[in-house]
Each structure stands twice: as C-alpha cells, then as structure tokens.
Amino acid sequence: MTWTAFHTRGETLRSVITTADKRRDGILPMDVDGVAESFRDELDLLAALTLKWHTRLSGQIEQMTVHQPLDLRESVTIAWSNTAHELAGVRLILDNYRENPVDDAMAKAMAAATAKERHLLAVMSGLAGLRDEAAARVGAEIEEQARLLHRGIPVVTPESMEEPEPRASLFERLRAVVAA
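If you read the sequence shown in the numbering used here, its first letter stands for residue 1, the second for the next number, and so on.
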C-alpha cells in the first residue's frame, strides 16, 4: 500500500465512522465516497472498523486504569462504555454483524474479534490470566456490565473522576481520639 493510498484509506475510514455515527442503523455505509476504492468488500471494511474499535478501547482502558488503578474491573467497564459512546455507530455495526453476519467468513471473523475483545476485558480487569479458560466468560460479563452502564450513565473521563479524600494516618487518628 502506497503512502497516498494509506492516507486515502484513513480519510475514507473517518468518513465511514462519521456516517455510521449519524445513521446509527448498524449497517455498513458502503455508499460513502471512496469505500469501493479503499476496501475490497464488506469484510475488509468491517475489519478496519473492528481494528479502530479495539485500538480505541485499548487506549481508553489504559487511560482509565492510570486514573483508577485500584478497581480494575470498574476501570475496564467505564472504558468500554466510554468507547461505545465515542464510537456509537461503529459499535452498532459490530453488534449487528456479530449477530447477523453476511457469510461464513464474516461469522468467523466476528467470532474471533469478539473472543479477543472479551479476553482483553478479562485480562485487563485482572480477573483472568492470558491463558485462562474462564477469560471469555468473565469478559462477556464485563461487556454486559459495560453495556448496562453505557445505557444509563454519561461518559466518565479521568478528569471528571473525583480523587478520594486523603485519609489521616493511624497515628493522627489516635492523637485525635486521645485529645477528645
């Protein structure tokens, strides 16, 4: 792929994401200018959108765990919800084609992407290891919790999270009790 083709594909993908966010119908916007020239077929476009989702999700997870390192599950859940808010049209497309794949190749690709996403959620939440058989189940639970959060709560950014009040040391608390 040439440098020009790479940038053209990137611009087309941004247009596809913008269109998907406007439409929010869960259908791949194959009618966007440049899609036919930049992507071989629906599966190629869906793969690019899946990569965009996973990249954004990974970044959100990293950002949230930096600001909320004590509750990894909550950080991962909030990160998924925030990503679904940022890429709402993409998430609808991924969900639609996961449930209604066009062909067997798409069904296999979406099953693999779903498994990897759930594994990522489970591992990053600290509830499963890299080779843990329970990772898919744990990741599915986290995804469901994140979907519930996404439906009912606005986006939580690290900047909007409240820092916990600093707690007095044991010595300071004992001194306060003795003084009282």
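Each residue gets a CB set at the ideal place from its N, CA and C atoms; glycine is no exception.
Comparing alpha carbon positions, the residue from L121, A112, R147, R24 closest to T65 is L121.
L174 carries a helical assignment under DSSP once its states are collapsed to helix, strand and coil. Less than 8 Å divides the Cβ of T83 from the Cβ of L57.
A115 and A136 have their C-alpha atoms some 6 Å from each other. Around A48, the same chain offers L13 as residues with beta carbons nearer than 6 Å, after the five sequence neighbours per side are excluded.
The three-state secondary structure of T2, taken from DSSP, is coil. Taking a cut-off of 8 Å for Cβ pairs, the region 137–151 and the region 67–82 touch, as three or more such pairs fall below it.
Looking at the backbone, the Cα of K108 and that of N100 are separated by about 12 Å. Of A180, L28, V138, the smallest CA-CA separation from L94 is found for L28. Nearest C-alpha to M106 among T50, Q63, Q60: T50. Per DSSP, the unbroken alpha helix (DSSP H) holding Q145 starts and ends at 135–152. Taking C-beta atoms as the reference points, R118 and A88 fail to come closer than 8 Å. R73 is a Cβ neighbour of L127, given a cutoff of 8 Å.
With respect to I61, M110 sits apart: the two C-beta atoms are not nearer than 8 Å. Sequence-distant Cβ neighbours of K22 in its own chain, meaning closer than 6 Å and more than five residues away, do not exist here. For G34, same chain residues with a beta-carbon under 6 Å away, outside a window of 5 residues either side, are T12 in chain order.
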